[in-house]
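A.B. asks:
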C-alpha cells in the first residue's frame, strides 16, 4: 500500500480531503457562501433570466418563455451542471442545455439568444463581486470606526515616535491610531471608487458588437442592467476589460499592506524589551516548547496573508493582455485568483478586528521607554531653542544639542540638567525653564487638531461611500 493511500488505521478517514487551506482554515462563512459554486451558478442563471426578460420585452421571445425559464432554473443544481460540463467541455453551454431541456420548447428556442459566454460569466462575476465587496466594506468600516474611537480617546497618551527603529520625537497613542484611521479610510475611498468601474455588466454578444440583436441590442442591454441593478460597460470586446479586475486587486493589495503595517507595528511594540502594545493571548497557548511565550500569532497571520494578497496582483495584471477581441487565458487564472484574493482580505479583516479587540497597551511602559534616552529625544527642541532665542546658526546649535544629548545618555542625567550645567546654554536659561522647554509632553504640536482632522476625514468617507 502506498503511504499516501488512506487506511483504517490512519487518521485520514476523519480528516477533510481539501487541499486548499481556504476550505478549512481561512475566510468567513459569509464570504465562502458568496464565492461558492452554487452562488456563482445562481448569478449566471439570474443573467440568463434577465436576458430572456429583455428578449420578451423587445418582442423577440414570447411572454411564456420568461415564466418557463424561471421554472427550469429551480430544477438545476451545481452538481448537474458540473456533470453536463464533463460532456460538453463548456460550462455555459452545459447550463444553457439544461435550461433548454427543463424549460420546454420556447425556452429551448430563445435561451441565450444573441449572447456569448462572457455576457453571462462576466456579468455574474459583477454580481458576485458586489456581494463580496459589501462584506469587505462593512468589515473595513467597523475597523476604521474602532481605530477612530481609540484615536480620540488616547490623544493625550504620550509615547515614543520612532524612525529607522530609533527614538525620534514624542507622539501620542491617539496620533498613532489616527494615522491608521486615515490610511484605511483612504483604502475605503479607493474601494468605493473602483467599484464604479468594476461592478458593470457585460452584455454585447460575440466580440461585443451586439450584431445578433441588431437595433434592439442597446435596449436589451439596458433592460438586463436595470433588472440586475448594474451599470453596463460602455463598450467591450467579447469580454469585459480586465483592467477593472486588476484595479480592484491592486486596491485590495494596498489594503492588505496597510493591515500588514498595523500588524507589524503591534508585533514590534510587543517585544519584551519594548512591551508598549500587545495582543492579549489569555487562554491561548504560545510555543509548544516554551511555556512562557505569548506569540503574536494573529498579527503574524495578517502579515503572512498580506504576502499572498500582494503576490496575486501579478496575475490580475497579466490577464489584461488578451489576444484580439478575446482569448481564454484569463479564465483559469480568475477562477483561482478572484476567490482567493477575496478570501484572503476577508480573513485579514476578521483578524485585524480580533486584534483590535484584544489589543492592550501600557501608558506607564510608554513613558518609561520615552525617558530611557534621558531626554535625548528632545534634542531637536533644544536645538530650536538655541536658534530661536539665542540667534545661533543652525549647524552650531545642532552640534551643541547633539553633544549634550550624548552626554545625557552617557551620564544618565536628564538632558535638561546637562544643558543647564553647560555654560553655552545654562548662562541663558535656568533649570526650570529648560525643564519646561524639554518636557516631551509639551512638544507635540497641534496633535489634537491633526487627530480630529483624521477622524473627520474618515467619518466623511464612510458617510459618502456608504452602501
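In this note's numbering, the protein residues as written are 14 to 480.
Using N, Cα and C, we set each Cβ at its ideal position, and we do this for glycine too.
Given the structure is predicted, the values throughout are model-derived calculations rather than measurements.
What residue range does the alpha helix (DSSP H) around residue 366 cover?
C.D. replies: From DSSP, the alpha helix (DSSP H) with residue 366 extends over 342-370.
A.B. asks: Is the number of C-beta pairs between the region 149-166 and the region 187-194 that are closer than 8 Å three or more?
C.D. replies: Verdict: yes, contact present.
A.B. asks: Helix, strand or coil for residue 44 per DSSP?
C.D. replies: Residue state, collapsed to three classes: helix.
A.B. asks: Counting C-beta neighbours from all protein chains within 10 Å, is the total for residue 78 16 or more, i.e. buried, or is it exposed?
C.D. replies: Flag for residue 78 reads buried.
A.B. asks: Please specify which runs of the alpha helix (DSSP H), each continuous and at least 4 residues long, are wholly inside the region 182-241, giving them in chain order.
C.D. replies: Here the runs fully enclosed are 186-211 and 230-241.
A.B. asks: For residue 419, count neighbouring C-beta atoms within 10 Å of its own C-beta (all shown protein chains included) and say buried if the count is 16 or more, exposed if not.
C.D. replies: Under this definition residue 419 is an exposed residue.
A.B. asks: By DSSP, does residue 289 sit in helix, in strand, or in coil?
C.D. replies: Here residue 289 sits in coil by DSSP.
A.B. asks: Counting pairs of beta carbons, one from the region 379-391 and one from the region 423-431, are three or more of them closer than 8 Å?
C.D. replies: Counting Cβ pairs under 8 Å, three or more are found: they touch.
A.B. asks: Judging by CA-CA distance, which residue of 457, 400, 239 and 462 is the nearest neighbour of residue 173?
C.D. replies: It is 457.
A.B. asks: Count the other CB atoms within 10 Å of the CB of residue 382; is the residue buried (16 or more) or exposed (fewer)?
C.D. replies: Classification of residue 382: buried, given that the 10 Å Cβ count is 16 or more.
A.B. asks: Out of curiosity, what's the CA-to-CA distance linking residue 455 and residue 238?
C.D. replies: Cα to Cα, the separation comes out at about 59 Å.
A.B. asks: How many Å lie between residue 295 and residue 372 at the Cα?
C.D. replies: Those two C-alpha atoms are separated by around 12 Å.
A.B. asks: Buried or exposed, going by whether 16 or more other CB atoms sit within 10 Å of the CB of residue 38?
C.D. replies: Residue 38 is exposed by the Cβ-count criterion.
A.B. asks: Comparing C-alpha positions only, which one of 242, 368 and 66 sits nearest to residue 214?
C.D. replies: Nearest of 242, 368 and 66 to residue 214, Cα basis: 242.
A.B. asks: According to DSSP, is residue 147 part of a helix, a strand, or is it coil?
C.D. replies: Reduced to three states, the DSSP call for residue 147 is helix.
A.B. asks: Can you list, in chain order, the residues of its chain whose CB lies under 8 Å from that of residue 119, leaving out five sequence neighbours each side?
C.D. replies: Closer than 8 Å at the Cβ level, and outside the excluded window around residue 119, lie 74, 75, 77, 78 and 81.
A.B. asks: Which same chain residues end up closer than 7 Å to residue 403 when comparing Cβ atoms and leaving out the 5 residues on each side of it in sequence?
C.D. replies: Hits under 7 Å: 441.
A.B. asks: The beta strand (DSSP E) with residue 173 in it runs from where to where?
C.D. replies: Where residue 173 is concerned, the enclosing beta strand (DSSP E) stretches over 171-176.
A.B. asks: Using the three-state DSSP reduction, which class does residue 408 fall into: helix, strand or coil?
C.D. replies: Helix at residue 408.
A.B. asks: Just checking residue 43 against the ligand FMN - is the residue's beta carbon closer than 7 Å to any of the ligand's heavy atoms?
C.D. replies: By its list of ligands, the structure shown contains no ligand whatsoever, and the ligand FMN lies outside what it can speak to.
A.B. asks: Bridge partners for residue 373 per DSSP, in chain order?
C.D. replies: Note: residue 373 sits in a beta bridge opposite 291.
A.B. asks: Cα separation between residue 397 and residue 410?
C.D. replies: Straight-line Cα distance between these residues: approximately 8 Å.
A.B. asks: For the 8 Å Cβ check, are there 3 or more pairs between the region 317-325 and the region 346-359?
C.D. replies: Counting Cβ pairs under 8 Å, three or more are found: they touch.
A.B. asks: Assign residue 251 to one of three DSSP states: helix, strand, or coil.
C.D. replies: Looking at residue 251 - three-state DSSP - the assignment turns out to be coil, as it is neither helix nor strand.
A.B. asks: Taking only the alpha-carbon atoms, compute the straight-line gap between residue 467 and residue 274 and give it to the nearest angstrom.
C.D. replies: Taking the straight line joining both Cα atoms gives about 18 Å.
A.B. asks: In terms of DSSP beta bridges, what is residue 179 paired with?
C.D. replies: DSSP output for residue 179 lists 176 as bridge partner(s).
A.B. asks: Note down the Cα distance separating residue 84 from residue 330, rounded to an integer number of angstroms.
C.D. replies: Using only the alpha carbons, I get a separation of about 40 Å.
A.B. asks: Among 86, 337, 469 and 40, whose alpha-carbon lies nearest the alpha-carbon of residue 254?
C.D. replies: Out of 86, 337, 469 and 40, 337 has the C-alpha closest to the C-alpha of residue 254.
A.B. asks: At a cut of 8 Å, does the region 145-157 reach the region 82-102 through at least three beta carbon pairs?
C.D. replies: The region 145-157, when compared against the region 82-102, does not touch it at the 8 Å Cβ threshold.
A.B. asks: Label residue 471 either buried or exposed according to how many other C-beta atoms from any shown protein chain fall within 10 Å of its C-beta, with 16 as the threshold for buried.
C.D. replies: Under this definition residue 471 is a buried residue.
A.B. asks: Mind checking whether residue 210 and residue 260 have CB atoms under 8 Å apart?
C.D. replies: Closer than 8 Å, so yes.
A.B. asks: Going by DSSP, what residues sit across from residue 436 in a beta bridge?
C.D. replies: Note: residue 436 sits in no beta bridge, so no partner.
A.B. asks: Quick check: the Cα distance between residue 18 and residue 32, rounded to an integer number of angstroms?
C.D. replies: Caution applies to residue 18, whose pLDDT of 47 falls short of 50 and renders its modelled position unreliable; the value that the coordinates give is listed next. About 15 Å.
A.B. asks: For the alpha helix (DSSP H) containing residue 387, name the first residue and the last one.
C.D. replies: Run containing residue 387: none; DSSP gives neither H nor E here.
A.B. asks: Please confirm whether residue 106 and residue 57 have their CB atoms less than 8 Å apart.
C.D. replies: No, the pair does not count as a contact, with Cβ atoms beyond the cut-off.
A.B. asks: Roughly how many whole angstroms lie between the Cα atoms of residue 249 and residue 199?
C.D. replies: Answer to the nearest angstrom: the Cα atoms are 30 Å apart.
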